[in-house]
Amino acid sequence: MTTEATTSTKKAAWTALAGHYEALRARHLRELFAQDPQRAEHFSLEAAGVFLDYSKNRITAETRSRLVELARACGLRERIDAMFRGDKINVSENRAVLHVALRAPVGASIVVDGENVVPAVHAVLAKMEQFATSLRDGTWKGYTGKPITNIVNIGIGGSDLGPVMAYEALRYYSRRDLTFRFVSNVDATDFAEVVSDLDPAQTLFIVASKTFTTLETMTNAHLARAWSVGGFGGDESSVAKHFVAVSTNAKEVAKFGIDTANMFGFWDWVGGRYSMDSAIGLSTMLAIGPEHFRAMLAGFHEMDEHFRSAPFEQNLPVLMGLLAVWYNDFFGAQTVAVLPYEQYLKRFPAYLQQLTMESNGKHVTLEGGPVASDTGPIYWGEPGTNGQHSFYQLIHQGTRLIPCDFIAFIESLNDLGNSHDMLLANVFAQGEALAFGKTAAEVKAEGSPDWLVPHRVFEGNRPSNTILVERLTPATLGKLVALYEHNVFTQAAIWDIDAFDQWGVELGKVLAQRIIPELDPASTGALTHDSSTSSLIMRYRTGKLKAAAAR
Ligand code: F6P
Numbered sequence: 010m011t012t013e014a015t016t017s018t019k020k021a022a023w024t025a026l027a028g029h030y031e032a033l034r035a036r037h038l039r040e041l042f043a044q045d046p047q048r049a050e051h052f053s054l055e056a057a058g059v060f061l062d063y064s065k066n067r068i069t070a071e072t073r074s075r076l077v078e079l080a081r082a083c084g085l086r087e088r089i090d091a092m093f094r095g096d097k098i099n100v101s102e103n104r105a106v107l108h109v110a111l112r113a114p115v116g117a118s119i120v121v122d123g124e125n126v127v128p129a130v131h132a133v134l135a136k137m138e139q140f141a142t143s144l145r146d147g148t149w150k151g152y153t154g155k156p157i158t159n160i161v162n163i164g165i166g167g168s169d170l171g172p173v174m175a176y177e178a179l180r181y182y183s184r185r186d187l188t189f190r191f192v193s194n195v196d197a198t199d200f201a202e203v204v205s206d207l208d209p210a211q212t213l214f215i216v217a218s219k220t221f222t223t224l225e226t227m228t229n230a231h232l233a234r235a236w237s238v239g240g241f242g243g244d245e246s247s248v249a250k251h252f253v254a255v256s257t258n259a260k261e262v263a264k265f266g267i268d269t270a271n272m273f274g275f276w277d278w279v280g281g282r283y284s285m286d287s288a289i290g291l292s293t294m295l296a297i298g299p300e301h302f303r304a305m306l307a308g309f310h311e312m313d314e315h316f317r318s319a320p321f322e323q324n325l326p327v328l329m330g331l332l333a334v335w336y337n338d339f340f341g342a343q344t345v346a347v348l349p350y351e352q353y354l355k356r357f358p359a360y361l362q363q364l365t366m367e368s369n370g371k372h373v374t375l376e377g378g379p380v381a382s383d384t385g386p387i388y389w390g391e392p393g394t395n396g397q398h399s400f401y402q403l404i405h406q407g408t409r410l411i412p413c414d415f416i417a418f419i420e421s422l423n424d425l426g427n428s429h430d431m432l433l434a435n436v437f438a439q440g441e442a443l444a445f446g447k448t449a450a451e452v453k454a455e456g457s458p459d460w461l462v463p464h465r466v467f468e469g470n471r472p473s474n475t476i477l478v479e480r481l482t483p484a485t486l487g488k489l490v491a492l493y494e495h496n497v498f499t500q501a502a503i504w505d506i507d508a509f510d511q512w513g514v515e516l517g518k519v520l521a522q523r524i525i526p527e528l529d530p531a532s533t534g535a536l537t538h539d540s541s542t543s544s545l546i547m548r549y550r551t552g553k554l555k556a557a558a559a560r
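Residues 10 to 560 in my numbering are what the sequence shown lists, from first letter to last.
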């Protein structure tokens with residue numbers, strides 16, 4: 010509950026930061042670095058094996074203290090404790106938020122509604138391991154007795170992005186004789202292309218859906234069942250060997266025709282975008298094996314413990330979250346670019362988009378009032394160095410401030426030639442160029458004609474974080490994901506919003522359901538939408554008829 014006292018402390022901390030911003034906004038990173046030769050040391054931190062250099066941010070020690078003061082005033086400590094305790098902090102859905110329980114060690118106790126949930130988490134993990142082992146060693150066979158070699162995960166949102174990202178990120182550790190594919194879009198092309206060269210006799214579908222009612226996933230699951238059963242002459246009993254489900258909804262799983270013995274459960278206190286380490290990660294476990302999956306969970310847990318226990322000034326997710334707030338609300342930056350210099354992390358920015366924006370794209374507070382400031386920045390990104398030859402121009406010389414998170418690894422998993430040095434040279438160079446830029450005097454000194462000088466000036470003072478980790482491993486991936494999960498949590502605490510609901514996706518879903526029957530050219534009911542929507546529907550109906558006549 011927000012009391013009057015906390016409101017006024019928050020206000021005071023916010024006002025102090027606003028004043029501090031006015032004093033700091035004109036200062037250049039060149040000056041801040043020149044003033045403190047140890048700046049890199051003073052603004053960097055290593056925890057859980059993750060090193061963060063945040064010295065190239067437009068902050069001073071005072072900024073850090075004031076941001077931490079804001080976090081305290083916003084009750085971040087109490088909110089962290091409440092989450093780890095299993096309190097129902099997802100207020101609009103009256104749910105606990107316990108992705109941290111998914112990676113809690115066996116002996117831990119986290120109680121929800123009077124029940125320690127940790128044993129149930131480990132029971133599901135054991136079931137997943139048993140299944141993964143039997144599939145990987147060929148004991149689990151398809152309907153005709155052939156081993157399964159193709160695994161297709163059908164899901165969307167959190168039931169897709171985490172599995173896809175983790176598969177790509179940990180591909181180095183994956184079984185190369187197994188094929189992994191992912192179907193998410195309700196566009197049938199997605200499904201058609203994924204199965205086009207697969208043999209039903211060797212293909213297993215994982216239908217991954219927390220609710221087991223999501224339109225896209227259920228549509229694709231039905232296409233998959235028809236395709237699979239079709240491969241066995243229509244024999245429905247093949248489903249038991251070629252479909253498993255990951256869900257919280259046993260009733261719907263059974264209704265779909267999957268034996269609940271082949272269902273891997275999770276719980277309503279796991280949000281979709283926080284679920285890649287639950288049974289939703291079954292495809293990940295099949296790819297990398299149970300041992301690596303456990304290592305990933307241990308990595309998550311290490312970062313959880315750091316977040317739970319480290320003082321805010323030395324807390325990686327807290328500092329990153331506060332920096333995001335600093336740029337979002339004081340500098341008016343609208344986006345954050347996440348730029349992994351690691352090809353295996355190519356889907357990491359896409360994964361983060363759901364995590365960050367479905368969580369913090371909110372316009373009301375926990376109590377339902379309007380938020381006092383802008384919330385959730387837009388997260389986006391692409392792996393380096395590809396982005397350098399595309400959108401970095403705007404980051405360097407555009408008119409918008411885009412804070413960047415660079416992510417790099419000291420060791421390459423594919424150490425060929427001197428590629429890794431080149432990759433790392435580029436990531437270091439980008440942070441340097443953004444921060445320090447190039448003055449007109451420097452450009453002139455290089456012999457540029459006067460008219461060209463303004464075009465070649467880099468004003469610099471563009472902030473970035475650099476995350477440097479030894480090597481991309483399953484544990485590292487767990488740490489990185491947890492780092493961003495808790496970064497998002499920190500931001501939400503400052504804005505006093507519910508980072509765990511997603512009501513904003515509902516309206517479109519409901520309207521689509523209403524429109525589906527209206528797309529039938531034979532439908533006779535009057536269209537009662539706005540004129541734009543109605544005429545689009547009419548045009549589609551007519552087009553469909555024309556296309557059918559031409560066939
Ligand atoms: O897009 C809304 C959403 O509910 C996400 O939060 C979730 O990850 C996704 O849909 C998929 O939901 P489900 O796992 O229930 O199919």
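Note that CB positions come from ideal geometry on N, CA and C, so glycine has one too. Being a predicted model, the structure only gives us computed values, none of them experimental.
Starting from residue i, trace the alpha helix (DSSP H) both ways and give me its first and last residue.
i	result
Gly239	Leu224 to Gly239
Phe42	Leu38 to Gln44
Thr542	Ser540 to Ala559
Leu403	Tyr401 to Gln406
Asn2	Look at the range of the chain in this structure, 10 to 560, and you will see that residue 2 is not part of it.
Helix, strand or coil: how does DSSP classify residue i here?
i	result
Leu492	helix
Asp62	strand
Met10	Residue placement at Met10 is flagged as unreliable, the pLDDT there being 48, under the threshold of 50; a coordinate-derived value is accordingly withheld.
Phe265	helix
Pro458	coil
Val204	helix
Lys150	strand
Phe415	strand
Glu391	coil
Phe340	coil
Pro156	strand
Just the C-alpha distance for residue i and residue j, rounded to the nearest angstrom, thanks.
i	j	result
Lys355	Lys219	25 Å
Ser118	Phe498	22 Å
Leu422	Glu177	13 Å
Ser143	Gly298	11 Å
Gly67	Val519	The sequence as given places Arg at residue 67; Gly does not occur at that position. Answer to the nearest angstrom: the Cα atoms are 44 Å apart.
Asn470	Cys413	12 Å
Arg34	Gln511	34 Å
Met10	His372	Below a pLDDT of 50, predicted positions are generally treated as unreliable, and Met10, at 48, falls in that range; the measurement from the model is reported next regardless. Taking the straight line from one Cα to the other gives about 18 Å.
Asn337	Ile215	39 Å
Leu425	Met431	11 Å
His310	Gly487	8 Å
Gly552	Ala346	41 Å
Leu443	Gly330	21 Å
Arg523	Val195	16 Å
Thr365	Ala491	12 Å
His231	Val126	33 Å
Would you mind reading off the limits of the beta strand (DSSP E) that contains residue i?
i	result
Met285	Met285 -> no beta strand (DSSP E), and no H or E assigned at all.
Val253	Phe252 to Ser256
Ile525	Counting along the chain, Ile525 falls outside any beta strand (DSSP E), though it belongs to the alpha helix (DSSP H) covering Glu515 to Glu527.
Leu213	Thr212 to Ala217
Asn474	Ser473 to Val478
Arg356	Careful: Arg356 lies outside any beta strand (DSSP E) and carries neither H nor E.
Leu179	Taken as a continuous stretch (DSSP letters only), Leu179 belongs to no beta strand (DSSP E), as it is neither H nor E.
Ala56	Ser53 to Ala56
Could you check whether residue j and residue i sit closer than 8 Å to each other, using their CB atoms as the reference points?
i	j	result
Leu26	Phe339	yes
Asn229	Val253	no
Met137	Met294	yes
Gly281	Gly396	no
Ile416	Ala342	no
Thr448	Val436	no
Ala235	Gly151	no
Would you decide whether residue i is buried or exposed? Buried here means 16 or more other CB atoms lie within 10 Å of its CB.
i	result
Leu554	exposed
Gly513	exposed
Val109	buried
Ile419	exposed
Gly390	buried
Thr269	exposed
Trp276	buried
Trp460	exposed
Ala333	buried
Met547	exposed
Lys264	exposed
If we cut at 8 Å on Cβ distances, does residue i have a partner in chain B?
i	result
Pro530	Note that chain B does not occur in the displayed structure, where there is just one protein chain.
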